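*Asks:* Shown below is the structure under consideration.
Protein chains: 2
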Amino acid sequence: MSLSVTCYRCGEGDENAARVRCSCGEPRWIEPDASSFAWSDCRDYEGMWRYEPLLPIDRPAGVARAAGGTPLVRSPGLDDTAGCRVYVKDEGEHPTGAYKDRGSAVAVPHAIAAGNDAIGTVSYGNMAMSTAAHAASLDRECVVLVPDEIPAGRLELIAQYEPTIVRVDGDYGALYGDALALSDALPIGMLVSDSPTRISGYKTALFEICEAFAPDAPDAIVVPTSSGGFASGMWRGIRDLEAAGLLDDAPRLYLVQTAAADPITRAFDAGETDPTALSPDETGETIAHSIGNPDPPSGGRALAAARDTGGAVLSVTDDELRAAKRRFAVDAGFCVEPASAASLAGATRLSDRGDIDADESVVLVPTGTGFKELGTGDASVATERVRRADLSERLGSLLGDRLGAR
Amino acid sequence: MSLSVTCYRCGEGDENAARVRCSCGEPRWIEPDASSFAWSDCRDYEGMWRYEPLLPIDRPAGVARAAGGTPLVRSPGLDDTAGCRVYVKDEGEHPTGAYKDRGSAVAVPHAIAAGNDAIGTVSYGNMAMSTAAHAASLDRECVVLVPDEIPAGRLELIAQYEPTIVRVDGDYGALYGDALALSDALPIGMLVSDSPTRISGYKTALFEICEAFAPDAPDAIVVPTSSGGFASGMWRGIRDLEAAGLLDDAPRLYLVQTAAADPITRAFDAGETDPTALSPDETGETIAHSIGNPDPPSGGRALAAARDTGGAVLSVTDDELRAAKRRFAVDAGFCVEPASAASLAGATRLSDRGDIDADESVVLVPTGTGFKELGTGDASVATERVRRADLSERLGSLLGDRLGAR
């Protein structure tokens, strides 16, 4: 299959999916010929491979087959908090617990087919785990570049798939550029957050959402945003469906950043086309590890996605994230990572300021499971202590109190 | 809908799904009229609600809608270890990270519809989390009875859904019986590991597996086994499909216990109909927290399931579990909990002793995600440390070593 790999901004393109950046500087993506695609063309495959006709590779072997097909659940318990009709697309229900598996499912087999002896990535979070897992399932060597001061818990999560873990002593933020150069110099397919093949995989989340609503569409989709890769995938998905004539009224894309590192929000508010990288003294600590990115490589494309769809980019604080994470669990039964709570916290802000109406159908996308950061025993938990012999009596009275307090 | 709730052993039954035990002492299950069911009767719903015609309730609201629909992945990387053609049914990809959500999805809404003011359970593991999450998503009070000496990490995992957590001072093993009595005395729907409505939910995992293979069926299914509840669900599913005429050659059910607490294996090997509860000095420590049960309430039914399908019950050691958990990650890209690794460790033993042939298609069912027990930073991890300026040169040489060693 000959690919069309293009730049969303200047329109230039070629067939090289391994080339991440356009000569104009912007990231590229794969543009399929979707003009004749219909929902009935979907394959009878599990998960994201249903959309094989719009993907740059045929369904591969390995854990890639478990990617996609995550639940989309109407969650009325969150309506009051979000100020709209809430649907939750739980991307945490993936083999490595995050939407990253959609991207790895395309990017890793594609890089192998392109002749790379090994796969590599620059990440110490969900992308590292996902890339390592997908390479492992295809029996390929994987190199993960992590910062020298990586916390031991993160290291353990990545190490279980047994990639070669390289702690890089030096400016970790500069490694995105280094990685692209390494890919040219060595037989390693370096997969960064916005490799064109990754973006292809991400768009399947948009396909699943839109197919569930078809022939209608949700009014808006709210996603946590870091590098801008997932937002780009969502936008690419919208473009594909528009090209196919399957989306009359595209959902608005709302992208939510952590206030501790929000260059895309700042650029959106200032009406700029591109974000400006934040200096260390412009960023802060955050519980939203997965989205604290001061220099997002697909920031310009994320801005374009929000503007083109009539959406917005906004930021939320850690206090809002904590509150939203709690509501996900207590009102809807979902355990999401702190960064993923940005989807709900963002929706709350958007409805408060009138961007989202109460009768609108809004899909929140928690991008990763919360289980990777729970169970350490650090939290203090209120419990009752009862002797077994007193259980019936004490439970009866306890229950009366609890039910009365509701 | 009038229910038929029966005893697999003596055949007695009535319509009361809240009654867990038969007067003969054995656990009961819900027996639908499946005689006219065809695959084409499946609903156009996501996940397990596809099988609504064979379930005791209509599709409920809430997180229940996210249950089921887990990936079934051909995983050739595990063939050598397991000694057969391996498929992985990854039950960890659930809202609370375990197959328990299938049971809660039926049992919790059913108990609410039956008029209970609150839901309760006896568990400090996956079932506690799942029951609490499902009750939360339906805005109902939930009471979780945990042992007094529960580890703080476990408590944190359960507490996120904000149930009333009661630490019981006394013999925790005796609480199964207490719970059934409490359910009669108080307006609490106490859901134990083998409540008939839970078993109904579990059987959907079997339906998904068999529908994927239809009109054929896998040769065998290997599941970790603790209380015998999930094994019962698998067997109930087989019986439903046999009643419908959809299963000519049912898969053999192999049930795997931890050698540290394996009363069902002992009874199987001794040719007994029921397991004998193990005393504290007959049990040991194990990393397989989720399946260490010295007194399994559905042990007799699990034995019958294994024998009726031509399968077996067997045990594996912690060393075998550690090795199998590693292979799941390194050869297939799945992060499973230690107890879930019993599926692969069991298959290895079964093929070694000739119970499973190399050309047989065998479904391993890791029942829970490993992420709840990872990321604590306890593991020691080998890494390379490289200065950024030396990255290209050092990576090239590192990679040469790694690829050469393959």
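Going down the list, the protein sequences come from chains R and G. Residue 32 in UniProt numbering sits at position 32 of the first sequence, and the numbers go up by one each step. Residue 121 in UniProt numbering sits at position 121 of the second sequence, and the numbers go up by one each step. Ideal placement from N, C-alpha and C gives every residue a C-beta, glycine not left out. Note that this is a predicted model, so its numbers are computed, not measured.
Using DSSP's beta-bridge definition, name the partner residues of D169/G.
*Replies:* For this step, residue 169/G is matched to residue 169 along the second sequence. BP columns for D169/G point to R387/R.
*Asks:* Using CA coordinates, which residue listed in S343/R, R385/R, D378/R, R406/R is at the minimum distance from A82/R?
*Replies:* On the first sequence, position 82 is the one that residue 82/R refers to. Of S343/R, R385/R, D378/R, R406/R, the smallest CA-CA separation from A82/R is found for S343/R.
*Asks:* Please confirm whether C84/G and V362/G have their CB atoms less than 8 Å apart.
*Replies:* What you label residue 84/G is simply residue 84 of the second sequence in a count that begins at 1. What you label residue 362/G is simply residue 362 of the second sequence in a count that begins at 1. Yes, these two residues count as a Cβ contact at 8 Å.
*Asks:* Take H110/G as the anchor and find which of K203/G, A64/G, P275/G has the nearest alpha-carbon.
*Replies:* One-based indexing of the second sequence puts residue 110/G at position 110. That would be A64/G, whose Cα lies nearest to the Cα of H110/G.
*Asks:* State the start and end residues of the unbroken beta strand (DSSP E) segment that holds residue 407/G.
*Replies:* For residue 407/G there is no data in the structure shown, the boundaries of chain G being 1 and 406.
*Asks:* Fully enclosed by the stretch 79-140 of chain G, which beta strand (DSSP E) runs are 3 residues long or longer?
*Replies:* You should have 85-89, 118-122.
*Asks:* Restricting to Cα atoms, I'd like to know which of E12/R, A231/R, D139/R is closest to G103/R.
*Replies:* Position 103 of the first sequence, counted from the first residue, corresponds to residue 103/R. Ranking E12/R, A231/R, D139/R by Cα distance to G103/R puts A231/R first.
*Asks:* Take A358/R as the anchor and find which of V365/R, G368/R, A347/R, T367/R has the nearest alpha-carbon.
*Replies:* Your numbering for residue 358/R matches position 358 in the first sequence. Closest by alpha carbon: A347/R.
*Asks:* Tell me the DSSP secondary structure of C210/R in three-state form.
*Replies:* Here residue 210/R refers to the residue found at position 210 when the first sequence is read from its first residue. Three-state DSSP puts C210/R in a helix.
*Asks:* Using 10 angstroms around the beta-carbon of C10/G, count the other beta-carbons present and answer buried if the total reaches 16, otherwise exposed.
*Replies:* One-based indexing of the second sequence puts residue 10/G at position 10. With fewer than 16 other Cβ atoms within 10 Å, it is exposed.
*Asks:* Taking A118/R as the reference, which of W49/R, L186/R, P294/R has the closest Cα?
*Replies:* For the purposes of this step, residue 118/R is taken as residue 118 along the first sequence, with counting starting at 1. Ranking the options by Cα distance to A118/R, first place goes to L186/R.
*Asks:* How would you call A304/G, buried or exposed, if buried means at least 16 neighbouring beta carbons within 10 angstroms?
*Replies:* In the second sequence, counting from the first residue as 1, residue 304/G sits at position 304. Buried, since its Cβ has 16 or more Cβ neighbours within 10 Å.
*Asks:* Sorted by chain position, which residues of the same chain lie with C-beta nearer than 6 Å to G189/R's C-beta, five sequence neighbours on each side aside?
*Replies:* For the purposes of this step, residue 189/R is taken as the residue at position 189 of the first sequence. Around G189/R: A111, N116, I119.
*Asks:* Which residue comes first and which comes last in the alpha helix (DSSP H) that contains S4/R?
*Replies:* Position 4 of the first sequence, counted from the first residue, corresponds to residue 4/R. That residue, S4/R, is in no alpha helix (DSSP H); it is neither H nor E in DSSP.
*Asks:* Pick out whichever of R322/R, A105/R, R307/R, A212/R has its Cα sitting closest to the Cα of T197/R.
*Replies:* Reading the first sequence from its first residue, position 197 is the one you call residue 197/R. Nearest C-alpha to T197/R: A105/R.
*Asks:* Going along the chain, which residues of the stretch 332-363 of chain G sit with their C-beta nearer than 7 Å to a C-beta in chain R?
*Replies:* Here the close residues are A332, G333, F334, C335.
*Asks:* So which residues of chain G does L399/R contact, with C-beta pairs closer than 8 Å?
*Replies:* Within the first sequence, residue 399/R is the residue found at index 399, counting from 1. Within 8 Å Cβ-Cβ: D117, A118, E141, V143, T164, L186, P187, I188.
*Asks:* Kindly indicate if chain G contains any beta-carbon less than 8 Å away from that of A246/R.
*Replies:* Along the first sequence, one-based indexing puts residue 246/R at 246. Before going further, note that residue 246/R is Leu rather than Ala in the sequence given. Output row for L246/R: interface = no.
*Asks:* Determine, using beta carbons only, whether S392/G comes closer than 8 Å to chain R.
*Replies:* Reading the second sequence from its first residue, position 392 is the one you call residue 392/G. Taking Cβ atoms only, chain R reaches closer than 8 Å to S392/G, which makes this a yes.
*Asks:* Leaving out five residues on either side along the sequence, give the residues of the same chain with a beta carbon under 7 Å from the beta carbon of R327/R.
*Replies:* Against the first sequence, residue 327/R aligns to sequence position 327. Only L78, T81, L344 meet the Cβ criterion.
*Asks:* Hey, would you say A18/R sits closer than 8 Å to A114/R, going by beta carbons?
*Replies:* The sequence position of residue 18/R within the first sequence is 18, counting from 1. The sequence position of residue 114/R within the first sequence is 114, counting from 1. Cβ distance < 8 Å, so A18/R and A114/R count as in contact.
*Asks:* Output the boundary residues of the alpha helix (DSSP H) element that contains A181/R.
*Replies:* For the purposes of this step, residue 181/R is taken as the residue at position 181 of the first sequence. 175-185 is the extent of the alpha helix (DSSP H) around A181/R.
*Asks:* For G25/G, list the residues DSSP reports as bridge partners.
*Replies:* For this step, residue 25/G is matched to residue 25 along the second sequence. In DSSP, G25/G forms no bridge with anything.
*Asks:* Where does Y202/G sit, in a helix, a strand or coil, going by DSSP?
*Replies:* Within the second sequence, the letter at position 202 stands for residue 202/G. The answer is helix: DSSP assigns Y202/G an H, G or I state.
*Asks:* According to the Cβ coordinates, are T376/G and S340/G closer than 8 Å?
*Replies:* Stepping through the second sequence from its first residue, residue 376/G is reached at position 376. Stepping through the second sequence from its first residue, residue 340/G is reached at position 340. It is not a contact, given that the beta carbons lie outside the stated cut-off.
*Asks:* Which residues of the stretch 289-307 of chain G have a Cβ closer than 9 Å to any Cβ of chain R? Give them in chain order.
*Replies:* none
*Asks:* Could you check if P151/G is buried or exposed, using at least 16 other CB atoms within 10 Å of its CB as the buried criterion?
*Replies:* Numbered from its first residue, the second sequence carries residue 151/G at position 151. Under this definition P151/G is an exposed residue.
*Asks:* Quick check on D139/R: buried or exposed, where buried means 16 or more other Cβ atoms within 10 Å of its Cβ?
*Replies:* Taking the first residue of the first sequence as position 1, residue 139/R is located at position 139. Classification for D139/R: exposed.
*Asks:* Please tell me whether G97/R and Y161/G are closer than 8 Å, where the distance is taken between their beta carbons.
*Replies:* The residue labelled residue 97/R in the question sits at position 97 within the first sequence. The residue labelled residue 161/G in the question sits at position 161 within the second sequence. No, Cβ-Cβ distance for G97/R and Y161/G is not below 8 Å.
*Asks:* Got a sec, what are the start and stop residues for the alpha helix (DSSP H) I221/R sits in?
*Replies:* As a first step, residue 221/R must be located in the first sequence, where it is residue number 221. That residue, I221/R, is in no alpha helix (DSSP H); its beta strand (DSSP E) goes 220-224.
*Asks:* Hey, A220/G and C210/G: beta-carbon distance below 8 Å or not?
*Replies:* Taking the first residue of the second sequence as position 1, residue 220/G is located at position 220. Taking the first residue of the second sequence as position 1, residue 210/G is located at position 210. No; because the gap between Cβ atoms is not below 8 Å, this pair is not in contact.
*Asks:* Does I150/R come out as helix, strand or coil in the three-state DSSP assignment?
*Replies:* On the first sequence, residue 150/R is found 150 positions in, with the first residue counted as 1. DSSP, read as helix, strand or coil, puts I150/R in coil.
*Asks:* In the structure shown, what three-state DSSP assignment does R74/R receive?
*Replies:* In the first sequence, the residue the question calls residue 74/R occupies position 74. The answer is strand: DSSP assigns R74/R an E or B state.
*Asks:* Pull up the distance between the alpha-carbon of G292/G and that of S123/R, whole angstroms please.
*Replies:* Your numbering for residue 292/G matches position 292 in the second sequence. Your numbering for residue 123/R matches position 123 in the first sequence. Each residue's Cα considered, the two are about 37 Å apart.
*Asks:* Taking the Cβ atom as the reference point for each residue, do T70/R and D41/R lie within a distance shorter than 8 Å?
*Replies:* For this step, residue 70/R is matched to residue 70 along the first sequence. For this step, residue 41/R is matched to residue 41 along the first sequence. Cβ distance not < 8 Å, so T70/R and D41/R don't count as in contact.
*Asks:* Closest to P280/G by C-alpha separation, out of P263/G, A288/G, T273/G, S290/G, would be which residue?
*Replies:* Here the question's residue 280/G lines up with position 280 in the second sequence. When P263/G, A288/G, T273/G, S290/G are compared, the shortest CA-CA separation from P280/G is found for P263/G.
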